[in-house]
Amino acid sequence: VARKQGGHQMKFWEPSLNEQIKRRVQIELQLKKAIERQELRLVYQPQYDCLNGNVIGFESLIRWRNPLLGDVSPVEFIPIAEESDCIIEIGEWVLQQACRFGKQLHAETDSPLKIAVNLSSKQFADVHLCATVKHILNDTGMNPNLLELEITESMAMDAQTTIATMRGLKDIGVKLAMDDFGTGYSSLRWIKEFPLDCLKIDRSFIMDICSNVYNHSIVKTIAALTESLQLQTIAEGVENEDTAKILNGFGCTIHQGFHYSRPIEEHDVSNTFRILTRSVGD
Ligand code: C2E
Ligand code: MG
Ligand code: MG
Ligand code: MG
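Right, dumping it as structure tokens:
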């Protein structure tokens, strides 16, 4: 559908439709070769428990640096990868890398650190998912109990299929986390019926918890609910001390966010683990 020409004022703040399509096509083309050209890497962001001053694990986050496009955010390229089907290959690569690194980190630190991996909805719907996860765990020697797969509310197909997939994964021994909790539509049902180990409260609720009375109440309520259900809860996007204090007051003590650390490169992870374990928890 062609957009009407003209409208000069629009051009100042929005790339033309033509430019948007061009970028999309470029991303799709470049992404297909990104794995073999070794343009992808994972960075890791610590999850910190204020209760005892321990890092409990790291979330792996994908990064893509392309010679033509520069750094492209996963927020932009993951949806394109999903639509163009290369997400399955990328998702397998991510799992393989994260498990290889997790195994290495456990040896280096001698600590049972969790490694969290984001799954895309196509991956979650893939009938080979369980077999792939099993194969990669065997291949890398990663402890299944220390691998946590992050899924989102939007991935729920019908409840039966979703539960069956989750059960299959749980049978392998991996943990399941609900990512971006609160942004979907079936939140309470997820908590009640699905075999979750962990719930990650979306950053949009956490960021302005100091000033927004609604988010303050919402997070307080979620924290009380998950505590009484003995479901581990992680607050995403903790950027400052004030936010951390409020969360701790709610009993929500496991935090992930820039206040503790940005996502870091693989070679810095064990060092960051040691520094954080000593310093933040007073
Ligand atoms: P997510 O899984 O909810 O990841 C958290 C995002 O929040 C990350 O952005 C992280 O850098 C950012 N973040 C962490 N702490 C803070 C904070 O204190 N303040 C702010 N403003 N942001 C914070 P990132 O790395 O750009 O990833 C964005 C999304 O891309 C992820 O959201 C996830 O949905 C997706 N993604 C990333 N890696 C993968 C992957 O390997 N596979 C799949 N399927 N999706 C991925
Ligand atoms: Mg995540
Ligand atoms: Mg998240
Ligand atoms: Mg998020």
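Residue numbers (my numbering): 9 to 290.
Every residue gets a Cβ at the ideal spot worked out from N, C-alpha and C, and that includes glycine.
- prompt: When you compare only the Cα positions, how much space is there between Ile262 and Thr241?
  reply: Numbered from its first residue, the sequence shown carries residue 262 at position 254. Numbered from its first residue, the sequence shown carries residue 241 at position 233. Rounded to whole angstroms, Ile262 to Thr241 spans 7 Å at the Cα level.
message: Here's the rule I'm using: 16 or more other beta-carbon atoms within 10 Å means buried, otherwise exposed. How should Glu273 be labelled?
response: Taking the sequence shown and counting its residues from 1, the one referred to as residue 273 is at position 265. Glu273 comes out exposed.
- prompt: Is it the case that the CB of Asn220 approaches a heavy atom of ligand 1 more closely than 8 Å?
  reply: Walking along the sequence shown from the start, residue 220 turns up at place 212. Not so, every heavy atom of ligand 1 lies at least 8 Å from the Cβ.
message: Once DSSP output is grouped into helix, strand and coil, what is the label at Thr285?
response: Numbered from 1 along the sequence shown, position 277 holds the residue referred to as residue 285. Here Thr285 sits in helix by DSSP.
message: Which complete beta strand (DSSP E) runs does the stretch 174-218 hold, if anything under 3 residues is left out?
response: 183-189 and 206-209
message: Closest to Thr231 by C-alpha separation, out of Ala185, Gly257 and Asp179, would be which residue?
response: The sequence position of residue 231 within the sequence shown is 223, counting from 1. It is Ala, not Thr, that sits at residue 231 in the sequence shown. For the residues Ala185, Gly257 and Asp179, the minimum Cα distance to Ala231 belongs to Gly257.
message: Between which residues of its own chain and Ile217 is the CB-CB distance below 8 Å, once the five residues before and five after are set aside?
response: Taking the sequence shown and counting its residues from 1, one reaches residue 217 at position 209. These residues qualify, in order along the chain: Asn223, His224, Val227, Thr251, Ile254 and Leu255.
task: Run through the stretch 84-110 for me and flag every whole beta strand (DSSP E) of 3 or more residues, listed as ranges in chain order.
output: When DSSP assignments are scanned along the stretch 84-110, no uninterrupted stretch of beta strand (DSSP E) that is 3 or more residues long falls wholly within it.
field: Under the three-state DSSP convention, the category Gln238 falls into
entry: Looking up residue 238 in the sequence shown gives position 230. Coil at Gln238, not helix or strand.
query: Going by alpha carbons, who is nearest to Leu157 out of Pro203, Ala115 and Ile35?
result: Locating residue 157 in the sequence shown gives position 149, where the first residue counts as 1. Comparing Cα-Cα distances from Leu157 to each of Pro203, Ala115 and Ile35, the minimum goes to Pro203.
field: Boundaries (first-last residue) of the beta strand (DSSP E) holding Ile159
entry: By 1-based counting over the sequence shown, the position of residue 159 is 151. It spans Leu155 to Thr160 - the beta strand (DSSP E) in which Ile159 sits, taken as one unbroken run.
CA-to-CA distance, Lys200 to Ser236, given in whole angstroms: The sequence position of residue 236 within the sequence shown is 228, counting from 1. The sequence position of residue 200 within the sequence shown is 192, counting from 1. Straight-line Cα distance between these residues: approximately 12 Å.
- prompt: Taking all protein chains shown into account, do 16 or more other C-beta atoms lie within 10 angstroms of the C-beta of Gln131, making it buried, or fewer, making it exposed?
  reply: Taking the first residue of the sequence shown as position 1, residue 131 is located at position 123. With 16 or more Cβ atoms within 10 Å of its Cβ, Gln131 is classed as buried.
query: How about Tyr56 and Glu67: do their beta carbons lie closer than 9 Å?
result: In the sequence shown, residue 56 corresponds to position 48, counting from 1. In the sequence shown, residue 67 corresponds to position 59, counting from 1. The answer is no: Cβ separation not under 9 Å.
- prompt: In three-state DSSP terms, what is Asp79?
  reply: Taking the sequence shown and counting its residues from 1, one reaches residue 79 at position 71. Here Asp79 sits in strand by DSSP.
task: Go ahead and pull the three-state DSSP assignment for Phe266.
output: In the sequence shown, the residue the question calls residue 266 occupies position 258. Residue state, collapsed to three classes: coil.
message: Once the 5 residues before and after Asp188 are set aside, which same chain residues still bring their CB inside 6 Å of it?
response: Here residue 188 corresponds to residue number 180 of the sequence shown, with the count starting at 1. Excluding positions up to five away in sequence, the list reads Thr160 and Asp210.
message: Restricting to Cα atoms, I'd like to know which of Asp118, Ile144, Lys122 and Thr234 is closest to Lys183.
response: The residue given as residue 183 occupies position 175 in the sequence shown. It is Lys122 whose Cα lies nearest to the Cα of Lys183.
field: Inter-residue spacing [alpha-carbon to alpha-carbon] between Arg282 and Met186
entry: For the purposes of this step, residue 282 is taken as residue 274 along the sequence shown, with counting starting at 1. For the purposes of this step, residue 186 is taken as residue 178 along the sequence shown, with counting starting at 1. Straight-line Cα distance between these residues: approximately 27 Å.
field: Opening and closing residue of the beta strand (DSSP E) in which Val51 lies
entry: Position 43 of the sequence shown, counted from the start, is the residue given in the question as residue 51. Taken as a continuous stretch (DSSP letters only), the beta strand (DSSP E) holding Val51 covers Leu48 to Asp57.
message: Please confirm whether Gly78 has its beta-carbon closer than 9 Å to some beta-carbon of chain C.
response: This model lacks chain C altogether, as it is built from one protein chain only.
task: Run the CB neighbour count on Gln105, radius 10 Å, all protein chains shown included, and call it buried at 16 or more, exposed below.
output: Here residue 105 corresponds to residue number 97 of the sequence shown, with the count starting at 1. Per the 10 Å Cβ criterion, buried.
Inter-residue Cα distance where the pair is Val9 and Ala172: On the sequence shown, position 1 is the one that residue 9 refers to. On the sequence shown, position 164 is the one that residue 172 refers to. With a pLDDT of 36 at Val9, under the threshold of 50, the modelled position of this residue cannot be trusted; read the value that follows with caution. Rounded to the nearest whole angstrom, the CA to CA distance from Val9 to Ala172 is 41 Å.
message: I'd like to know if the stretch 77-93 and the stretch 101-115 are in contact, where contact means that at least 3 CB-CB pairs between them fall below 8 Å.
response: Pairwise C-beta distances place the stretch 77-93 out of contact with the stretch 101-115, as fewer than three of them are shorter than 8 Å.
- prompt: Leaving out five residues before and five after Leu59 in sequence, what residues of the same chain have Cβ atoms less than 7 Å from its Cβ?
  reply: Within the sequence shown, residue 59 is the residue found at index 51, counting from 1. The residues are Thr261.
Burial state of Pro3, where buried means 16 or more other Cβ atoms lie within 10 Å: In the structure as shown, the chain starts at 9 and stops at 290, and residue 3 therefore has no counterpart that could be examined.
query: So, is Gln28 buried or exposed, given that buried needs 16 or more other C-beta atoms within 10 angstroms?
result: Here the question's residue 28 lines up with position 20 in the sequence shown. So Gln28 counts as exposed.
task: Report all residues for which the CB-ligand distance to some heavy atom of ligand 2 is below 5 Å; order them along the chain.
output: Asn126, Glu158 and Asp187
query: Is it buried or exposed for Glu44, if we count other Cβ within 10 angstroms and need 16 for buried?
result: Looking up residue 44 in the sequence shown gives position 36. Exposed.
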